[in-house]
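One structure is given here, and the rest of the page talks about it.
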Amino acid sequence: GAMCEALILSLLPAVASGASYTSTLIGTSWRVRLDIGLERGSWMPKNIKGWGGSGARVVVSALVDFEAELANEAEELVGPRSQTRVLNARGGGKIVTFDGEQAVDFTSGGWCVQRPLGAQAGSDEGLLRFWLDCPSGCARGDVVVPQGERIFFSTGVWDDAQGVRQLCEKKAMTEERLRGGEAGDSAGKDEDRSSSGFALSLPGAAFRRQVAQQEALTALRSRRAYYESWAGLEEGWEAIPAKQ
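Using the working numbering, read the sequence shown as starting at 17 and increasing by one per residue.
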């Protein structure tokens, strides 16, 4: 389990650079929102008695840059050293506690996009993993992040320009097919109610047709929900993070 849920809120527009690496994350800046607290299924209560039991949350943001430079260290949870690049921390935030405002600082970490062996960046979703260190630590009630704690993040990502364009095209195609299918489904129901044609004289013909139409529509709606899970897809961002 994990002790926190980290949400990626926004990808700030920037021009990707670094010809030696294809990821369009390079040269971009992100504002990351951390929502720290006890999550269902977490191992935290078993290891730190009472941690987060009150339901308190620590919510704070950090501004980070995805650099092309290779990092000086690597983390097994993030990726191999040869593919781990610098994640530059440019700013932290503040939280309000019972003792007043508390500044929360972050220092630079590393990032890596992982894909299954043989997967292509242009046609396969990647897994973006990165870390930041929190030298200041922070606490709100029984939710405590110790000073110097290393915080890990993970989210799905499309980080290839061609892949993002293909994703946009597939989303538009799915929405068009869904609109046509829903219109046809509505017209078909009206026809079934009013027609006395040969097709309706066959046992269950109308029912079987409606079932097939509903199955097709369900598949299209599921596909649309998948595309809608990618933040910024309609804004044309170069790299697209998954909504969490």
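Glycine residues also receive a C-beta, built at the ideal position from the N, C-alpha and C atoms.
By DSSP, does residue i sit in helix, in strand, or in coil?
{"i": "L144", "result": "strand"}
{"i": "L50", "result": "strand"}
{"i": "S238", "result": "helix"}
{"i": "Q230", "result": "helix"}
{"i": "R261", "result": "The chain is shown only over 17 to 260; residue 261 falls outside these bounds and no answer can be derived."}
{"i": "Y243", "result": "helix"}
{"i": "L216", "result": "Note that L216 has pLDDT 47, beneath the 50 cutoff, so the model's placement of it is unreliable and no number is given."}
Taking the beta strand (DSSP E) that residue i belongs to, which residues open and close that run?
{"i": "E165", "result": "165-174"}
Could you tell me whether the Cβ atoms of residue i and residue j are closer together than 8 Å?
{"i": "Q118", "j": "K110", "result": "yes"}
{"i": "E83", "j": "N63", "result": "no"}
{"i": "F122", "j": "D149", "result": "yes"}
{"i": "E165", "j": "R240", "result": "no"}
{"i": "W127", "j": "L143", "result": "no"}
{"i": "L194", "j": "L133", "result": "no"}
{"i": "S77", "j": "V112", "result": "no"}
{"i": "V159", "j": "V74", "result": "yes"}
{"i": "E185", "j": "L233", "result": "no"}
Sort the options by Cα distance to residue i and report the nearest one.
{"i": "A188", "options": "G142, Q163, Y242, A232", "result": "Y242"}
{"i": "D115", "options": "G157, R145, Q229", "result": "G157"}
{"i": "G125", "options": "L79, W59, K186, G53", "result": "L79"}
{"i": "R131", "options": "G153, Q163, G95, G69", "result": "G95"}
Q. Counting only runs that start and end within the stretch 68-136, where is the alpha helix (DSSP H) found for 4 or more residues in a row?
A. none
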